[in-house]
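Visitor: Sharing a structure, written as structure tokens. Questions coming.
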């Protein structure tokens with residue numbers, strides 16, 4: 046992972062889940078980290094947790110990246126503090142857990158799209174001038190739900206499909222600038238995001254519907270992601286069923302529908 050040493054890396058959604066695990070995985074490599082999320086207290090605790098295991102003091106910047114002005118401020122603070130930006134990891138996200146015909150609060154669709162798609166688009170737009178200078182990299186944490194439909198996750202799946210389409214398009218636009226675009230598609234991961242998933246009324250579930258002993262941890266997921274980030278890969282899918290599903294869907298789409306239905310029903 047020497048390719049990542051001394052790189053200036055922003056990680057959004059760093060306060061918990063995959064984002065927090067990525068920060069803990071990147072710190073020992075020697076990255077110059079910028080930790081951002083809305084929760085200042087959890088960011089401060091993370092900065093303290095990695096301080097003994099990192100050669101660089103991280104920059105903590107609490108922000109709501111659904112606000113374009115906050116995105117601009119985050120990028121400006123990063124460049125002012127470290128002098129440049131090498132890698133932007135768009136990880137922050139939220140989810141929902143409801144059949145569409147049982148969805149009473151339609152604003153959920155807007156919230157999920159705002160956080161999962163528009164926020165990384167806003168932040169990436171602010172970061173691009175600096176990433177072009179360093180011939181850097183944009184990393185986005187999408188999902189296997191961005192590759193196929195998933196029952197009870199219609200709004201979430203739609204937002205991740207939007208992410209896939211946006212960043213695939215952006216990769217082509219940036220090819221002459223030598224700015225890499227890496228899309229990471231995890232399967233189910235043990236994360237607080239499931240506990241905060243919105244039900245049909247717009248309320249957090251409060252507990253994860255997943256069988257967490259049967260899915261990978263955020264730390265395991267982060268370790269799987271590191272080689273793809275270091276290698277500036279185009280796409281990384283963490284699960285075998287996700288990788289196979291891309292191709293099976295072309296010849297047996299009904300089978301993939303059954304697999305998705307079963308995965309949700311079993312919680313893993």
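Numbering (the working numbering), first residue to last: 46 to 313. Yeah, the Cβ is synthetic: ideal placement off N, Cα and C, and Gly gets one too.
By how many angstroms is the C-alpha of residue 215 removed from the C-alpha of residue 221?
Guide: Counting from 1 along the chain shown, the entry for residue 221 is found at position 176. Counting from 1 along the chain shown, the entry for residue 215 is found at position 170. Distance between the alpha carbons of residue 221 and residue 215: 11 Å.
Visitor: Between the beta-carbon of residue 105 and the beta-carbon of residue 80, is there less than 8 Å?
Guide: Taking the chain shown and counting its residues from 1, one reaches residue 105 at position 60. Taking the chain shown and counting its residues from 1, one reaches residue 80 at position 35. The answer is yes: Cβ separation under 8 Å.
Visitor: Roughly how many whole angstroms lie between the Cα atoms of residue 231 and residue 304?
Guide: By one-based count along the chain shown, residue 231 stands at place 186. By one-based count along the chain shown, residue 304 stands at place 259. Cα-Cα distance, rounded: 16 Å.
Visitor: By DSSP's criteria, residue 133 is part of a beta bridge. Which residues make up the other side?
Guide: Locating residue 133 in the chain shown gives position 88, counting from the first residue. Note: residue 133 sits in a beta bridge opposite 55, 183.
Visitor: Which whole runs of the alpha helix (DSSP H) in the segment 66 to 114 are 4 residues long or more, in chain order?
Guide: The qualifying runs are 85 to 95.
Visitor: So residue 135 and residue 185 are in contact, right, with Cβ under 8 Å, and what is the actual spacing, rounded?
Guide: Indexing the chain shown from 1 puts residue 135 at position 90. Indexing the chain shown from 1 puts residue 185 at position 140. Going by Cβ atoms, the distance from residue 135 to residue 185 rounds to 4 Å, so yes, they are a contact pair.
Visitor: Considering only residues of the same chain and omitting the five flanking positions on each side of residue 202, which have a CB-CB separation below 6 Å?
Guide: For the purposes of this step, residue 202 is taken as the residue at position 157 of the chain shown. Taken in chain order, the residues that qualify are 190, 194, 195.
Visitor: To which residues does DSSP link residue 249 through a beta bridge?
Guide: Here residue 249 is taken as the residue at index 204 of the chain shown, counted from 1. Answer is 243, bridged to residue 249.
Visitor: Please confirm whether residue 198 and residue 140 have their CB atoms less than 8 Å apart.
Guide: As a working mapping, residue 198 is identified with position 153 in the chain shown. As a working mapping, residue 140 is identified with position 95 in the chain shown. Yes, the Cβ-Cβ distance between residue 198 and residue 140 is below 8 Å.
Visitor: To test your reading of the DSSP string, which unbroken alpha helix (DSSP H) runs of 4 or more residues are found completely within the segment 275 to 308?
Guide: Within the segment 275 to 308, the complete alpha helix (DSSP H) runs of at least 4 residues are 285 to 296.
Visitor: Excluding the five sequence neighbours on either side, which residues of its own chain have a C-beta within less than 8 Å of the C-beta of residue 31, listed in chain order?
Guide: Past the boundaries of the shown model lies residue 31; the chain is included only from 46 to 313, so the question cannot be answered.
Visitor: So, using beta-carbon positions, are residue 143 and residue 302 closer together than 8 Å?
Guide: Here the question's residue 143 lines up with position 98 in the chain shown. Here the question's residue 302 lines up with position 257 in the chain shown. Taking 8 Å as the Cβ cut-off, residue 143 and residue 302 do not qualify as a contacting pair.
Visitor: Is residue 141 helix, strand or coil when you go by DSSP?
Guide: Within the chain shown, numbered from 1, the residue matching residue 141 stands at position 96. Residue state, collapsed to three classes: strand.
Visitor: Using only the alpha-carbon positions, how far apart do residue 58 and residue 91 sit?
Guide: The count along the chain shown starts at 1 and reaches residue 58 at position 13. The count along the chain shown starts at 1 and reaches residue 91 at position 46. Rounded to whole angstroms, residue 58 to residue 91 spans 12 Å at the Cα level.
Visitor: Under 6 Å Cβ to Cβ from residue 108, same chain only, skipping five residues before and after it: list those, please.
Guide: By 1-based counting over the chain shown, the position of residue 108 is 63. Here the set comprises 81, 115, 119.
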